[in-house]
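For the sequence shown, UniProt numbering gives the first residue as 1, with consecutive numbering after it. Each residue gets a CB set at the ideal place from its N, CA and C atoms; glycine is no exception. Working notes, beginning with the structure itself.
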Amino acid sequence: MCLYFVDNRDIKESEDKMNNLFLSFSLYKINATEERDQLQIRYNNLTKEKGHIQAKLFVIEQHCQEGWRYFDSRLYFLSTKEKNWEESRQDCQGRGADLVIINSTEEQTFVFNLHLRAWIGLTDSVTEGTWKWVDGTSLTTEYWGTGQPDDSGQEDCAEIYYGQADPVKTWNDDKCSTNHKWICEKVV
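Now the structure itself:
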């Protein structure tokens with residue numbers, strides 16, 4: 001007959017190790033589940049974003065084939081014909097756009113680099129000297145050429161004039177009845 005004596009300390013130590021392992025495994029499982037859920041949410045968001053980007057790209061590709069140019073989440077149509085300011089605006093509206101509203105120096109530089117003398121969506125025809133964009137907002141940032149606007153004989157509509165050397169001093173006021181090319185803008 002053999003007798004085997006077990007030290008209670010060894011049993012207690014083994015139980016503690018087993019409990020610690022079980023606790024570690026449980027925490028690992030919880031963390032893995034949380035991480036999996038976060039990855040699934042991220043995957044779903046990226047899939048949704050991909051769909052939006054693909055839809056936006058489709059719109060851009062369609063319009064760029066029709067003579068539009070893309071810059072900073074906006075599309076710009078450059079006319080090849082010349083019309084007065086009101087007819088130019090009507091053409092833009094017929095394309096689901098409006099005459100360009102210039103909101104930043106970057107956009108001004110982009111429009112300048114299109115190398116056009118063209119109507120933009122700015123007029124003071126309602127109140128002389130109070131320039132407003134076609135969306136009704138007041139003019140806050142100005143890129144007038146030197147000495148402009150000068151209202152030299154009922155000049156109530158604004159154009160961008162490429163012939164100037166400084167890309168941020170290229171606006172001129174002109175008679176709204178004058179025929180120029182025009183630039184339409186719409187948000188993608």
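Q. What whole-angstrom Cβ distance do W68 and L57 have, given they're in contact under 8 Å?
A. That belief does not hold up - the Cβ atoms of W68 and L57 are roughly 13 Å apart, past 8 Å.
Q. Going by beta carbon distance, what residues of the same chain come within less than 6 Å of D124, once the five residues before and after it are set aside?
A. T130, W131 and D156
(Q) Using only CA atoms, which one of N45, R42 and S104 lies nearest to D72? (A) That would be S104, whose Cα lies nearest to the Cα of D72.
Q: Tell me, to the nearest whole angstrom, how far the beta carbon of N84 is from that of C184; I am working on the premise that it is less than 8 Å.
A: With 8 Å as the limit, N84 and C184 do not qualify as a contact, their Cβ atoms being about 15 Å apart.
Q | K12 CB to nearest heavy atom of the ligand ATP below 7 Å | A | The ligand ATP is absent from the structure shown, which contains no ligand whatsoever.
Q. Could you give the C-beta distance for H180 and R95, rounded to a whole number, given that I count them as a contact under 8 Å?
A. About 17 Å separates the two Cβ atoms, so there is no contact after all.
Q | D173, enclosing beta strand (DSSP E) - first and last residue | A | Counting along the chain, the beta strand (DSSP E) containing D173 begins and ends at W171 to D174.
Q) Can D166 and P149 be called in contact, C-beta distance under 8 Å? A) no
Q: Pull up the distance between the alpha-carbon of M18 and that of A32, whole angstroms please.
A: 21 Å
Q) What do you reckon, are the CB atoms on W171 and C92 nearer than 8 Å? A) no
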